[in-house]
């Protein structure tokens, strides 16, 4: 599971997609493509963005939901939280003076 998350985060385009979902959750593919072109001048095809979203979804970082004929993409931070808490220390030992 962790390897999928690291692989997904390794690509700068996927990180930008996640940034956009942090800024505004629940976007369609068209909205994500438009924001990437407008903010980052990324001229990727819808198919390329869709493939990036599939990697993010496979890693558990993006969830999709359908409403009518639209598919919305939502950020899921649970995989990131599991990775971060793995290395955080719960108890900090007292320092000896």
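Numbering (my numbering), first residue to last: 158 to 254. Positions of the beta carbon are idealized from the N, C-alpha and C atoms, including for glycine.
Judged by beta-carbon spacing, residue 229 lies beyond the 8 Å limit of residue 198, meaning their Cβ atoms are not closer than that value. Separation of residue 238 and residue 217 (C-alpha to C-alpha, rounded to the nearest whole angstrom) is 12 Å. Secondary structure at residue 220: strand, using DSSP grouped into helix, strand and coil. In terms of CA proximity to residue 160, 213 leads the group 233, 213, 222, 227. Boundaries of the beta strand (DSSP E) harbouring residue 231: 227-232, taken from the DSSP string.
Collapsing the DSSP output to three states places residue 198 in coil. Between the C-alpha atoms of residue 242 and residue 219 there is a straight-line separation of about 20 Å. Burial check for residue 180: the Cβ neighbour count within 10 Å stays below 16, so the residue is exposed.
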